[in-house]
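There are 2 protein chains.
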Amino acid sequence: MANTKKRSRPAGAHPEAAPDTESRILAAAREVFTRSGTAGARMQDIAREAGVNQALLHYYFRSKQQLADRVFRDAATTLFSTIPRVLPQDATLEQMVRGFVHTYIETMRRTPFLPAYIAGEAHQDPARFVAIIATVTGTDPQKGWQQVLRRFQAVIDAQVAAGAMRPMLAEHLVVNIVAMVAFPFVARGVLIGVHGMDEAAYERFLDERRDELPRFILNALRR
Amino acid sequence: MANTKKRSRPAGAHPEAAPDTESRILAAAREVFTRSGTAGARMQDIAREAGVNQALLHYYFRSKQQLADRVFRDAATTLFSTIPRVLPQDATLEQMVRGFVHTYIETMRRTPFLPAYIAGEAHQDPARFVAIIATVTGTDPQKGWQQVLRRFQAVIDAQVAAGAMRPMLAEHLVVNIVAMVAFPFVARGVLIGVHGMDEAAYERFLDERRDELPRFILNALRR
DNA sequence: GTCTATACGCAGATAGAC
DNA sequence: GTCTATCTGCGTATAGAC
Chain W
98 MANTKKRSRP
108 AGAHPEAAPD
118 TESRILAAAR
128 EVFTRSGTAG
138 ARMQDIAREA
148 GVNQALLHYY
158 FRSKQQLADR
168 VFRDAATTLF
178 STIPRVLPQD
188 ATLEQMVRGF
198 VHTYIETMRR
208 TPFLPAYIAG
218 EAHQDPARFV
228 AIIATVTGTD
238 PQKGWQQVLR
248 RFQAVIDAQV
258 AAGAMRPMLA
268 EHLVVNIVAM
278 VAFPFVARGV
288 LIGVHGMDEA
298 AYERFLDERR
308 DELPRFILNA
318 LRR
Chain E
98 MANTKKRSRP
108 AGAHPEAAPD
118 TESRILAAAR
128 EVFTRSGTAG
138 ARMQDIAREA
148 GVNQALLHYY
158 FRSKQQLADR
168 VFRDAATTLF
178 STIPRVLPQD
188 ATLEQMVRGF
198 VHTYIETMRR
208 TPFLPAYIAG
218 EAHQDPARFV
228 AIIATVTGTD
238 PQKGWQQVLR
248 RFQAVIDAQV
258 AAGAMRPMLA
268 EHLVVNIVAM
278 VAFPFVARGV
288 LIGVHGMDEA
298 AYERFLDERR
308 DELPRFILNA
318 LRR
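Protein chains in written order, with our numbering: chain W, 98 to 320; chain E, 98 to 320.
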């Protein structure tokens with residue numbers, strides 16, 4: 098714990114060069130942990146995926162726990178930092194909804210296991226989740242979340258004042274939007290299984306939702 | 098595998114009597130598996146929770162895998178059999194939506210870990226999920242799902258013909274509804290952590306949603 | 001920095017007494 | 001049916017050569 102020794106790096110001379118060992122291990126760990134979860138992941142699988150020996154994992158990250166925490170922290174940062182990014186300062190409610198849905202679906206379909214991984218880890222150890230996201234400086238998820246809520250609430254209130262929509266708490270609107278966008282990813286396994294989908298059908302399903310969801314949401318908000 | 102020997106039971110004489118050992122083990126297993134997931138669960142924890150020795154778990158269920166499969170199968174059956182139950186044969190779209198939302202939230206808040214557990218297991222091993230739900234006879238989830246879709250589509254089409262709503266695929270409507278209802282449970286850990294909620298606040302949040310969601314959904318469906 | 005070999009502990013599973 | 005004691009294997013972690 099107290100030991101966080103820094104190793105000398107091979108001088109980041111070539112920013113475009115092939116990823117170094119530590120990066121390859123991290124990428125492999127991301128892959129395996131997001132697929133199997135922390136408890137189900139095996140260090141040997143990560144080593145094989147990275148093309149190195151298992152001992153190297155401990156050389157770079159000391160323990161499975163520390164490696165897992167690192168991956169989890171990175172993943173949480175990625176997932177939550179996406180939200181504020183799609184909300185430009187002077188957007189209308191319609192623009193916010195369309196931007197949110199589109200960006201999120203397109204971002205997540207590139208790493209479709211991420212939402213389920215985060216949800217699973219947060220479920221199995223809520224305290225660890227809270228503790229780890231607390232260490233994320235700069236883009237603190239909790240602060241970012243509050244910021245998103247205030248932004249939405251301001252736009253909602255303006256719309257209500259203009260008689261264009263009914264009053265609504267931003268908490269529920271945002272959770273509704275996130276739920277409809279994220280659910281097909283978080284419950285991907287269930288959906289594919291119950292629906293009898295293959296990969297291609299799942300992708301088409303996502304395409305449909307990317308177009309359908311903004312309609313559905315904006316319609317729900319009309320006065 | 099081939100060995101599924103039946104043991105003689107202490108004669109189910111007293112249906113109201115204290116649960117027998119097998120039931121207590123099963124209840125404990127449900128508790129531990131839904132909290133920690135199959136990979137994270139420990140047989141010792143289940144034994145302690147059930148107040149018996151670890152060897153008894155193997156006596157009754159032979160292996161962790163078989164016990165886990167049993168718990169998973171029961172949980173999936175519970176979760177999915179709830180859907181058709183809340184959809185009476187001659188209900189209107191409004192009744193279906195209201196009934197669905199209300200029943201689901203009230204059912205799930207009694208076993209709030211169930212949705213996240215199912216989603217997590219299905220995510221980590223989709224093939225196992227498909228295989229296990231395939232063994233569920235009678236209330237086969239896949240058949241039940243198709244049935245729900247047809248029911249919704251029929252009512253939607255009627256509403257569209259009457260000029261009361263715009264055309265929409267039942268797949269997306271049902272996924273939207275399930276998403277908004279289930280998401281606070283599946284992503285419970287994330288939500289509580291990011292939102293900074295305690296248990297009581299989470300319960301109030303659910304209460305609000307139980308009232309808010311039908312409004313939101315029915316509004317979204319208007320022409 | 002990277003490898004092979006190995007130590008070590010934990011958790012699942014079995015044997016066998018009662 | 002239920003227990004205690006024990007075996008076994010797997011997965012993490014370390015030692016130490018190169």
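No residue lacks a Cβ here, since even glycine has one placed at the ideal position from N, Cα and C.
- Beyond the five residues adjoining it in sequence on each side, E:D295 comes within less than 6 Å, by CB distance, of no other residue in the same chain.
- Proximity of E:M294 to chain W, defined by a Cβ-Cβ separation below 8 Å, is not satisfied.
- Under the Cβ distance rule, E:A219 counts among the residues neighbouring chain W, one pair being separated by less than 8 Å.
- The C-beta distance from W:L211 to W:A172 rounds to 6 Å, short enough to meet the 8 Å contact threshold.
- With a threshold of 8 Å between beta carbons, E:F197 makes no contact with chain W.
- Here DSSP, grouped into helix, strand and coil, assigns W:R247 to helix.
- Sequence-distant partners of E:R195 (beyond 5 residues in either direction) whose C-beta falls short of 6 Å from its own C-beta, in its chain, are P311.
- When Cβ-Cβ separations below 8 Å define contact, W:R285 makes contact with chain E.
- E:R306 places its beta carbon less than 8 Å from that of E:I202.
- In the DSSP assignment, W:Q151 falls within the alpha helix (DSSP H) that extends over 151-158.
- Around the beta carbon of W:N150, fewer than 16 other beta carbons sit within 10 angstroms, so the residue counts as exposed.
- Within the DSSP bridge table, the entry for W:R207 names no partner.
- The Cβ atoms of W:L184 and W:I215 do not sit closer than 8 Å to each other.
- For E:M277, the enclosing alpha helix (DSSP H) covers residues 267-283.
- Under the three-state reduction of DSSP output, W:M294 falls in the coil class, being neither helix nor strand.
- Residue range 140-147 is occupied by the alpha helix (DSSP H) that includes E:M140.
- For the pair E:L153 and E:T118, the CB atoms are nearer than the 8 Å cut-off.
- With respect to chain E, the C-beta atom of W:E146 has no partner C-beta closer than 8 Å.
- Counting of Cβ neighbours within 10 angstroms places W:T135 among the buried residues, the total reaching 16 or more.
- Among the residues of the segment 128-143 of chain W, those with a Cβ less than 7 Å away from any Cβ of chain E are S133, G134, A136, G137, in the order of the chain.
- Apart from the 5 residues on each side of it in sequence, W:E218 sits with its Cβ closer than 8 Å to the Cβ of G134, T135, F169, R225, F226 in its chain, given in chain order.
- Here W:G148 is exposed. Its C-beta has fewer than 16 other C-beta atoms within 10 Å.
- Around the beta-carbon of E:A279, 16 or more other beta-carbon atoms lie within 10 Å, marking it buried.
- Note that the C-beta distance between E:I143 and E:A165 is not below 8 Å.
- In the structure shown, E:R320 falls within a coil segment according to DSSP collapsed to helix, strand and coil.
- DSSP places W:R127 inside the alpha helix (DSSP H), whose first and last residues are 118-137.
- For W:Q239, the neighbours in chain E by C-beta distance under 7 Å run, in chain order, V291, G293.
- The CB of W:F226 comes closer than 8 Å to the CB of G286, V287, G290 in chain E, given here in chain order.
- Assignment of beta-bridge partners to W:M262 by DSSP yields W:R319.
- For W:V272 and E:M277, the gap between their C-alpha atoms comes out near 8 Å.
- Residue E:L315 holds the alpha-carbon nearest to the alpha-carbon of E:R263 among E:R159, E:L315, E:M193, E:I274.
- A residue is called buried when at least 16 other Cβ atoms come within 10 angstroms of its Cβ; W:P116 does not meet this threshold and is exposed.
- Not a single CB atom of chain E sits nearer than 8 Å to the CB of W:R247.
- Contact residues of the segment 166-182 of chain E toward chain W are F177 (C-beta to C-beta distance below 8 Å).
- When C-alpha distances from E:V291 are compared across W:E146, W:M205, W:I230, W:D187, the shortest belongs to W:I230.
- In this structure, E:R320 places its C-beta atom within 8 Å of the C-beta atom of E:G260.
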